[in-house]
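Report on the structure given below.
In the working numbering, the protein residues as written are 42 to 349.
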């Protein structure tokens, strides 16, 4: 990531942190909190999305796991911080099981499988009514003030951004890029590709679980549809892909654009939000596909000057 990109990223993160402290109530407070949660989901999604080139339609599985683990812990009588600790442990185990199941899949199969996992979890938590509240979901009392919840969410976003930067600069980030380029070639030179995938996916999963915890703590309600939300997965995907910049700046700018667009779509085009998301995603995919093809052509021409 270039210095100017890092500088802009720090400016955006600082602005969100200050906004979380100033605006904690009313519509603006809700919007700022949504920006921060969507930012955490997008930046965490971008870790395997950029490093391994994986497209997931089920990133909200981890969000829902965190929310429900926290909600069930609170409903059993635990206070906020013990419930958070227990939720992190349970979410980690659940996320690890999902990751172990998905790590061996290739790109297209991985995308389909993540969508399937999302639907399975949604239906499973609708069925376990005695534990999860069924389709109506879980309601919990307020366990922490909205101001403190906003601040914790902002610090979670900062920690997620730091994980993104550190992972991309580590040897595991390099291994991930080699795995994306050619899994067979990476294995041939001794890179443990399955371990790389698991570590990369778990680095993305834990912040998403924590985002679910804080979302429930602030809103006091989660249901299978809102917890294991395809819309949330698409939002993370769009925010990560819509701006063709590497590093954390791309998803940060993307989440500002997508969250603002969401507000307009939900209020002005109710009933067509998924269609609009699809159009935005299609436009981003076409732009990046054309841009990638152009760069590939330029690169090939540079490597073979005699062909000019």
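Here a beta-carbon is modelled for each residue, glycine too, at the ideal position from N, C-alpha and C. Remember, it's a predicted structure, so these values are computed and weren't measured experimentally.
Assigned exposure category for residue i - 16 Cβ within 10 Å defines buried
| i | result |
| --- | --- |
| residue 269 | buried |
| residue 66 | exposed |
| residue 292 | buried |
| residue 171 | exposed |
| residue 25 | Past the edges of the chain, shown from 42 to 349, lies residue 25, and the structure says nothing about it. |
| residue 68 | exposed |
| residue 148 | exposed |
| residue 155 | buried |
| residue 193 | buried |
| residue 305 | exposed |
| residue 157 | exposed |
| residue 339 | With a pLDDT of 47 at residue 339, under the threshold of 50, the modelled position of this residue cannot be trusted; read the value that follows with caution. The residue is exposed, with fewer than 16 neighbouring Cβ atoms inside 10 Å. |
| residue 130 | exposed |
| residue 227 | buried |
Whole-number beta carbon distance between residue j and residue i, since they are thought to touch under 8 Å
| i | j | result |
| --- | --- | --- |
| residue 136 | residue 301 | Not confirmed; about 30 Å, so no contact. |
| residue 290 | residue 50 | 5 Å |
| residue 184 | residue 258 | 6 Å |
| residue 99 | residue 159 | 4 Å |
| residue 262 | residue 178 | 6 Å |
| residue 94 | residue 251 | With 8 Å as the limit, residue 94 and residue 251 do not qualify as a contact, their Cβ atoms being about 25 Å apart. |
Cα-Cα separation, residue i to residue j
| i | j | result |
| --- | --- | --- |
| residue 231 | residue 46 | 33 Å |
| residue 167 | residue 271 | 15 Å |
| residue 90 | residue 82 | 12 Å |
| residue 80 | residue 237 | 24 Å |
| residue 150 | residue 196 | 34 Å |
| residue 73 | residue 162 | 28 Å |
| residue 211 | residue 201 | 15 Å |
| residue 75 | residue 181 | 20 Å |
| residue 165 | residue 264 | 12 Å |
| residue 267 | residue 105 | 8 Å |
| residue 117 | residue 173 | 12 Å |
| residue 63 | residue 145 | 45 Å |
One or two residues paired with residue i in a DSSP bridge
| i | result |
| --- | --- |
| residue 263 | 179 |
Beta-carbon contacts of residue i that lie in its chain and below 7 Å, excluding the five residues immediately before and after
| i | result |
| --- | --- |
| residue 133 | 247 |
| residue 53 | 293 |
| residue 244 | 88, 204, 208 |
Chain-order list of residues whose beta-carbon lies under 6 Å from that of residue i (same chain, five-residue window excluded)
| i | result |
| --- | --- |
| residue 124 | 111, 114, 115 |
| residue 224 | 234 |
| residue 101 | 269, 270, 273, 274 |
| residue 348 | Annotation note: pLDDT 48 at residue 348 (below 50); position unreliable, coordinate value reported separately. Cβ neighbours of residue 348 beyond the five flanking positions: none. |
| residue 103 | 136, 246, 249, 250 |
Contact test: residue i Cβ vs the ligand FAD heavy atom, cutoff 6 Å
| i | result |
| --- | --- |
| residue 151 | Of ligands this structure carries none, so the ligand FAD is not represented either. |
Sequence-distant residues of the same chain with beta carbon closer than 8 Å to residue i, five excluded per side
| i | result |
| --- | --- |
| residue 295 | 83, 279, 280, 281, 282, 283, 284 |
| residue 255 | 78, 190, 193, 194, 197 |
| residue 199 | 54, 58 |
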